[in-house]
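Following numbering that gives the first Met the number 0, the numbering of the sequence shown begins with 0 at its first residue and continues without gaps. Let me begin by presenting the structure, written as structure tokens, before commenting on it.
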Amino acid sequence: MISLQNLRKTFSLHGGEATVLQFDSLEIAEGETLAIVGASGSGKTTLLNMIGGLLLPSFGEVFVNGVEVTQLKESARDHFRAKHIGMLFQSFHLLEAYSALENVELGAFFSGHAGKKEDAKKLLEDLGLPLHFHRHPSQLSGGQQARVALARALVGRPKVLLADEPTGSLDFEAREDVLGLILSMAKSRKMTVVCATHDEHAAQAFDRRVVLS
0 MISLQNLRKT
10 FSLHGGEATV
20 LQFDSLEIAE
30 GETLAIVGAS
40 GSGKTTLLNM
50 IGGLLLPSFG
60 EVFVNGVEVT
70 QLKESARDHF
80 RAKHIGMLFQ
90 SFHLLEAYSA
100 LENVELGAFF
110 SGHAGKKEDA
120 KKLLEDLGLP
130 LHFHRHPSQL
140 SGGQQARVAL
150 ARALVGRPKV
160 LLADEPTGSL
170 DFEAREDVLG
180 LILSMAKSRK
190 MTVVCATHDE
200 HAAQAFDRRV
210 VLS
């Protein structure tokens, strides 16, 4: 499902180059759940952004579902990401002007599934929010916001879910709850999940873990 070969990412720094990520290869199977573990600054977010086509490597190849993402033009990468990849972030990025249901419907629109209101409702119900359709993000707890963000990431039925510290801002109970939902949805949908985390306890719930240093 995902193949990374000879990846290297460097940034210009004080007239020189700083390497933030470098490794030979990584293969992630279809339906596998993988935790990327490492301290802050180890390159976890950089890696996720390269898999999702938000960031190009300085060197190397990224294949997702048989497509070499690194060879696509920016507009084609955006289209590919919208169709095949769901993204979940620690800060959730929910829009306050919109209700929970409308936030998920926006996810459907950008993934090419506009008009799928029933799908958005069903996902929110499946994630335990049947009474929260019309509440805005500020009216929801952190755990509830995380569920709305997860619904938005999944409404387009992506083959891959990229999650960047998705439980980092939650308390222990909400963290366990959201993590369980991510993994159960991955299993039921045969979806590949790559999750960046610094939480070793959370990483143990995944099929495999890779450590960046």
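We put the CB at the ideal spot given by N, CA and C, even for glycine.
What distance in whole Å lies between the Cβ atoms of residue j and residue i, which are believed to be in contact at a cut-off of 8 angstroms?
{"i": "L47", "j": "D163", "result": "5 angstroms"}
{"i": "A107", "j": "L123", "result": "With a Cβ gap of about 12 angstroms, A107 and L123 do not count as contacting."}
{"i": "I27", "j": "T191", "result": "6 angstroms"}
{"i": "G37", "j": "S212", "result": "6 angstroms"}
{"i": "A148", "j": "K43", "result": "Not quite, the Cβ-Cβ distance comes to about 18 angstroms (not below 8 angstroms), so this is no contact."}
Exposed or buried, what is residue i when buried is set at 16 or more other beta-carbons lying within 10 Å of its beta-carbon?
{"i": "A150", "result": "buried"}
{"i": "S110", "result": "buried"}
{"i": "H133", "result": "exposed"}
{"i": "G40", "result": "exposed"}
{"i": "P129", "result": "exposed"}
{"i": "L12", "result": "exposed"}
{"i": "K186", "result": "exposed"}
{"i": "A96", "result": "exposed"}
{"i": "D170", "result": "exposed"}
{"i": "E117", "result": "exposed"}
DSSP beta-bridge partners for residue i?
{"i": "M86", "result": "L161"}
{"i": "S2", "result": "E26, F62"}
{"i": "E16", "result": "S11"}
{"i": "L33", "result": "V193, R207"}
Can you find the residues in the same chain that come closer than 7 angstroms, C-beta to C-beta, to residue i, ignoring five residues on each side of it along the sequence?
{"i": "M86", "result": "G51, A152, L161"}
{"i": "L178", "result": "T166, A201, A204"}
Quick one: residues in its chain with C-beta nearer than 8 angstroms to the C-beta of residue i, no 5 flanking neighbours on either side, listed in chain order?
{"i": "L54", "result": "K8, T45, N48"}
Within the same chain, show all residues whose beta-carbon is closer than 6 angstroms to that of residue i, passing over the 5 residues directly before and after it, in chain order.
{"i": "S57", "result": "R7, K8, T9"}
- prompt: Which ranges does the beta strand (DSSP E) cover as unbroken runs of at least 3 residues, wholly within the region 54 to 119, from first to last along the chain?
  reply: Counting whole runs of 3 or more residues, the region 54 to 119 contains the beta strand (DSSP E) stretches 58 to 63, 84 to 88.
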